[in-house]
Amino acid sequence: MSEKKQSPSEDQATESKDLPAASFFKLLGCWLYDFMLLCAVWLVAGFVYIIPAQIFIDIDASQKNNLSTTEFSGPVFYSYLFFVTWFFFAWFWTHGGQTLGLRSWSLRLETEGGQSLNWVQTLLRFLVSGTPWLLSLFAYQQLMNNEILPAPFQYSAFIIGFFGLFWMLIDKKNRSLQDILTRTRIVSTPKKPKRNKLY
Numbered sequence: 075m076s077e078k079k080q081s082p083s084e085d086q087a088t089e090s091k092d093l094p095a096a097s098f099f100k101l102l103g104c105w106l107y108d109f110m111l112l113c114a115v116w117l118v119a120g121f122v123y124i125i126p127a128q129i130f131i132d133i134d135a136s137q138k139n140n141l142s143t144t145e146f147s148g149p150v151f152y153s154y155l156f157f158v159t160w161f162f163f164a165w166f167w168t169h170g171g172q173t174l175g176l177r178s179w180s181l182r183l184e185t186e187g188g189q190s191l192n193w194v195q196t197l198l199r200f201l202v203s204g205t206p207w208l209l210s211l212f213a214y215q216q217l218m219n220n221e222i223l224p225a226p227f228q229y230s231a232f233i234i235g236f237f238g239l240f241w242m243l244i245d246k247k248n249r250s251l252q253d254i255l256t257r258t259r260i261v262s263t264p265k266k267p268k269r270n271k272l273y
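Take the sequence shown: its position 72, counting from 1, is numbered 146 in the working numbering, and each next residue is one higher.
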């Protein structure tokens, strides 16, 4: 009697059950790595937006090089950046579960069952992960506008953005808040042995 073969996705789910959860410091390093890459993506996306915006948006010629005008900081621009940022993460999460930062630290994002995320799940995780950062940005603007704290200490508001990650320090299963709310997890993957090249 022949045994039923498991599909590749089932094999991955079986193997993932034995993989340990990612550590706090690995995820922190991964976040910093991906943030630097994201800044580069924002820079390119900004140039892509600016060229057609200067052509089609009716603004004063003297203000065309001023990126602080409302035409470049309104809801259309922010919606565009939202889509670009989500797509940046979603593409990696749906294709192997590894951004370049996750891959460099031998980590992988997956569902609790060990499966790859679909596009809807990526959007949910992105919204949950991004909400603390929006709150930290709002808090920073309030501190800056009202001068509640001296200039160097105003940046402390961005600690709110790490709230979901800090949750790992008190969770028994080493899960972040976004892991819990979206039923996903980040696991440490074994490093593949290097193959000896024959000359």
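Backbone N, C-alpha and C define an ideal beta-carbon position, used for all residues, glycine too. Treat the numbers as computed from the prediction; the structure is a model and nothing was measured.
Between residue i and residue j, which are expected to be in contact by the criterion C-beta below 8 Å, what is the C-beta distance as a whole number of angstroms?
i: Leu251; j: Gly238; result: 4 Å
i: Leu181; j: Lys100; result: 6 Å
i: Arg257; j: Thr185; result: 6 Å
i: Ala95; j: Ile260; result: 7 Å
i: Thr159; j: Asn192; result: In fact, because the Cβ distance is near 18 Å, the residues do not count as touching under 8 Å.
i: Tyr123; j: Phe156; result: Rounded, the Cβ-Cβ distance is 12 Å, inconsistent with contact.
i: Leu93; j: Ser262; result: 6 Å
Please indicate yes or no: does the CB of residue i lie closer than 7 Å to some heavy atom of the ligand MN?
i: Phe99; result: The ligand MN is absent from the structure shown, which contains no ligand whatsoever.
Tell me which residue opens and which closes the beta strand (DSSP E) that residue i is part of.
i: Arg182; result: Leu181 to Thr185
Check residue i in the structure and name its three-state DSSP category.
i: Arg259; result: strand
i: Ala114; result: helix
i: Ala96; result: coil
i: Gln189; result: coil
i: Leu223; result: coil
i: Pro264; result: coil
i: Asp108; result: helix
i: Ile244; result: coil
i: Gly171; result: coil
Could you spell out where the alpha helix (DSSP H) holding residue i opens and where it closes?
i: Tyr154; result: Pro149 to Thr168
i: Thr205; result: Trp193 to Asn220
i: Arg249; result: Run containing Arg249: none; DSSP gives neither H nor E here.
i: Gly175; result: Leu174 to Ser178
Relative to the alpha-carbon of residue i, which residue among the options has its alpha-carbon at the smallest distance?
i: Leu102; options: Thr185, Trp241 and Asn219; result: Trp241
i: Cys104; options: Val150, Ile244 and Thr173; result: Thr173
i: Gln215; options: Thr205, Ala231 and Phe200; result: Ala231
i: Phe163; options: Phe151, Val194 and Val150; result: Val194
i: Gly175; options: Lys246, Leu217 and Leu112; result: Leu112
Return the chain-ordered list of same chain residues with a C-beta closer than 7 Å to the C-beta of residue i, the five sequence neighbours on each side being excluded.
i: Trp207; result: Gly235
i: Leu141; result: Note on Leu141: pLDDT 47, under 50, position unreliable in the model; the coordinate value appears next. Excluding residues within five positions, none has a Cβ falling inside 7 Å.
i: Trp179; result: Lys100, Gly103 and Cys104
i: Leu198; result: Thr256
Spatial neighbours of residue i within its chain, please: CB distance less than 6 Å, with the 5 preceding and 5 following residues excluded, ordered by chain position.
i: Phe161; result: none
i: Ala114; result: none
i: Pro82; result: Any reading at Pro82 must be qualified, since the residue scores a pLDDT of 48, below 50, and its modelled position is unreliable; the value itself is stated next. Cβ neighbours of Pro82 beyond the five flanking positions: none.
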